[in-house]
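Asks: Take the sequence shown: its position 52, counted from the start at 1, is 325 in the working numbering, and no numbers get skipped. Ideal Cβ positions, reconstructed from N, Cα and C, are used throughout, including at glycine.
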Amino acid sequence: LALDDTAAAWLADKGYDPVYGARPLKRVIQKDLVDPIARKLLAGEIEDGSVIAVSAGAEGLEIGKARVH
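Below, the structure written as structure tokens:
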């Protein structure tokens, strides 16, 4: 997984709550990163041994095409 600075900043922003601190971060990572990657794996869009590029865009996290190593 190759997470660029924009994606890391997006996760930090969405995963932080002034009342709860970073507790919501786990849910944000699951919903916006892990679940979409799992769907791509199941659909065959990501191959075994791939590096997945993640960045942030206007609509949220963008999971890029994988590179096979």
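Roughly how many angstroms lie between the CA atoms of Ile325 and Leu284, to the nearest whole one?
Replies: On the sequence shown, position 52 is the one that residue 325 refers to. On the sequence shown, position 11 is the one that residue 284 refers to. If I take the Cα positions, the gap works out to 16 Å.
Asks: Considering Cα atoms alone, identify which of Ala329, Ala311 and Gly330 is closest to Asp321.
Replies: On the sequence shown, residue 321 is found 48 positions in, with the first residue counted as 1. Here the closest residue by C-alpha is Ala311.
Asks: Which residues mark the beginning and the end of the beta strand (DSSP E) in which Ile302 is found?
Replies: Position 29 of the sequence shown, counted from the first residue, corresponds to residue 302. Note, Ile302: premise wrong, no beta strand (DSSP E); alpha helix (DSSP H) at Leu298 to Ile302.
Asks: Which of the three DSSP states, helix, strand or coil, is assigned to Val327?
Replies: The residue you call residue 327 lines up with position 54 of the sequence shown. Here Val327 sits in strand by DSSP.
Asks: By Cβ distance below 7 Å, which residues in the same chain neighbour Pro336 in space, the five residues on each side in sequence not counted?
Replies: Your numbering for residue 336 matches position 63 in the sequence shown. At residue 336 the sequence reads Ile, which differs from the Pro that was named. So the qualifying residues of the chain are Pro309, Ile310, Lys313, Ile325 and Val327.
Asks: Go ahead and pull the three-state DSSP assignment for Leu276.
Replies: As a first step, residue 276 is located in the sequence shown; it is residue number 3 there, counting from the start. Leu276 falls in the strand class under three-state DSSP.
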